[in-house]
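S.K.:
So this is what it looks like as structure tokens:
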């Protein structure tokens with residue numbers, strides 16, 4: 005079955021160190037429709053500290069979903085290309101998002 009491209013939207017996310025496990029974790033950046041506490045399921049390469057250090061910002065095409073009635077999370081297809089955002093690009097993306105809200 006093909007992906008429903010209309011269910012996906014661009015989301016700015018960032019990597020951070022998880023305080024409990026010490027591993028990198030991806031979370032949505034503040035200032036969007038999704039809370040920073042929301043889990044993100046994406047490519048494992050994005051949480052590889054050898055490739056991307058903590059604090060790296062990415063632009064994902066993701067959708068909000070849940071697994072059989074479980075807690076909601078953002079899902080990004082693991083085969084999509086990885087787009088790294090500079091701090092200026094992230095700031096511009098978040099400003100455009102705020103401007104586009106009604």
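Residue numbers (this note's numbering): 5 to 106.
Idealized CB from N, CA, C, for every residue including glycine.
1) Given 8 angstroms as the limit, is there contact between the stretch 61 to 80 and the stretch 40 to 51, that is, 3 or more CB pairs closer than that?
2) For residue 62, tell me which candidate among 33, 21, 101 and 26 has the shortest Cα-Cα distance.
3) Pull up the distance between the alpha-carbon of residue 41 and that of residue 16, whole angstroms please.
4) Can you name the start and end residues of the beta strand (DSSP E) that residue 29 belongs to?
5) Would you kindly work out how many angstroms separate the C-alpha atoms of residue 58 and residue 13, rounded to a whole number?
6) Who are the Cβ neighbours of residue 53 in its own chain at under 7 angstroms, not counting the five residues just before and after it?
7) Mind reading off the beta-carbon distance from residue 11 to residue 95? Whole number of angstroms is fine, and I expect it under 8 angstroms.
M.R.: In terms of the structure at hand:
1) yes
2) 33
3) 14 angstroms
4) 28 to 32
5) 24 angstroms
6) 28
7) Not really, about 27 angstroms apart at Cβ, beyond 8 angstroms.
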